[in-house]
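Asker: Could you have a look at this structure, given as structure tokens, before my questions?
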Amino acid sequence: MKRLLTLFLVMAGSAAVGRGNVLYAGGAWATIDRGAACEALSRSRKVMPKDKVQPVAGLTFTTDHKHWGEFHVRLSRTPRSDASVMLQIGDQSFMLTTRGGWAWSRGSLQAQAIIAALRGGTSMRVESRDETGVRFSDPYLLDGAPTAIDAAAARCALRGAGKIQ
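The numbering of the sequence shown is the numbering used here, which starts it at 649 and goes up by one.
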């Protein structure tokens, strides 16, 4: 039942991003195969009303390796233009690049550090200030994250190498 709930929530949260085939769903994470890209995804513990944006975080792996482990997050609110967006995993902090209501890792070295932190962490949150200056935080669980990350990376690596279609 928990697995089905996780799958439903991740798919509902990622509906705006597009459809795909579910490869794995466990804990608070799922792996979605979208063809040229595979994603390890989780939705925020904060469940938003239908008229609000549901925060979703994940990592993208593409078959052409242009985005290999790139962290991305859809924020619950649009941050102020001068506000930093910080990803906190355990005691490690990462400043993210933003555009509108989305934020991303700042290159491959930071993406690798985020993946390492996700593997050893138990929770994460993304924090910023919204357009009115009010601080907000989107919390996430990390149960299932390592397996979802590995499944996404392996699937796109195999597809990129021509081992699967």
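The beta-carbon is built from N, C-alpha and C at its ideal position, and this holds for glycine as well.
By DSSP, does Ser756 sit in helix, in strand, or in coil?
Answerer: Locating residue 756 in the sequence shown gives position 108, counting from the first residue. Of the three classes helix, strand and coil, the one that applies to Ser756 here is helix, per DSSP.
Asker: To test your reading of the DSSP string, which unbroken beta strand (DSSP E) runs of 3 or more residues are found completely within the stretch 683-717?
Answerer: List check, beta strand (DSSP E) in window: 685-691, 704-710.
Asker: Counting Cβ pairs, one atom from each stretch, are 3 or more of them under 8 Å apart for the stretch 706-715 and the stretch 728-739?
Answerer: No, the stretch 706-715 does not touch the stretch 728-739.
Asker: Starting from Arg773, trace the beta strand (DSSP E) both ways and give me its first and last residue.
Answerer: Residue mapping note: residue 773 aligns to position 125 of the sequence shown, counting from 1. Unbroken beta strand (DSSP E) run through Arg773: 771-777.
Asker: Would you kindly work out how many angstroms separate the C-alpha atoms of Thr746 and Ala809, rounded to a whole number?
Answerer: As a first step, residue 746 is located in the sequence shown; it is residue number 98 there, counting from the start. As a first step, residue 809 is located in the sequence shown; it is residue number 161 there, counting from the start. Each residue's Cα considered, the two are about 32 Å apart.
Asker: Looking only at C-alpha atoms, which of Val670, Ser729, Leu707, Leu806 sits nearest to Ala764?
Answerer: The count along the sequence shown starts at 1 and reaches residue 764 at position 116. The shortest C-alpha separation from Ala764 is found at Leu707.
Asker: Which of helix, strand or coil does DSSP assign to Leu744?
Answerer: Locating residue 744 in the sequence shown gives position 96, counting from the first residue. Three-state DSSP puts Leu744 in a strand.
Asker: Taking only three categories from DSSP, how would you classify Ile812?
Answerer: On the sequence shown, position 164 is the one that residue 812 refers to. Of the three classes helix, strand and coil, the one that applies to Ile812 here is coil, per DSSP.
Asker: Consult DSSP for Ala676 and reduce its assignment to one of helix, strand or coil.
Answerer: To locate residue 676, count along the sequence shown from 1; it is residue 28. Of the three classes helix, strand and coil, the one that applies to Ala676 here is coil, per DSSP.
Asker: Given a threshold of 16 other Cβ atoms within 10 Å of its Cβ, counted over all protein chains shown, does Arg767 qualify as buried or as exposed?
Answerer: By one-based count along the sequence shown, residue 767 stands at place 119. Exposed, because fewer than 16 other Cβ atoms sit within 10 Å of the Cβ of Arg767.
Asker: Buried or exposed: where does Asp681 fall if 16 or more other Cβ atoms within 10 Å of its Cβ makes it buried?
Answerer: Here residue 681 is taken as the residue at index 33 of the sequence shown, counted from 1. With 16 or more Cβ atoms within 10 Å of its Cβ, Asp681 is classed as buried.
Asker: By DSSP, does Ala751 sit in helix, in strand, or in coil?
Answerer: Position 103 of the sequence shown, counting from 1, holds the residue named residue 751. Ala751: strand per DSSP, three-state reduction.
Asker: Mapping DSSP to helix, strand and coil, what is Leu723?
Answerer: Along the sequence shown, one-based indexing puts residue 723 at 75. Three-state DSSP puts Leu723 in coil, outside helix and strand.
Asker: Does the stretch 694-704 come close enough to the stretch 717-727 that 3 or more CB-CB pairs lie under 8 Å?
Answerer: Contact between the stretch 717-727 and the stretch 694-704 is present, because at least three Cβ pairs lie under 8 Å.
Asker: So is Asp786 buried or exposed if we call it buried at 16+ other beta carbons inside 10 Å?
Answerer: The residue labelled residue 786 in the question sits at position 138 within the sequence shown. The residue is buried, with at least 16 neighbouring Cβ atoms inside 10 Å.
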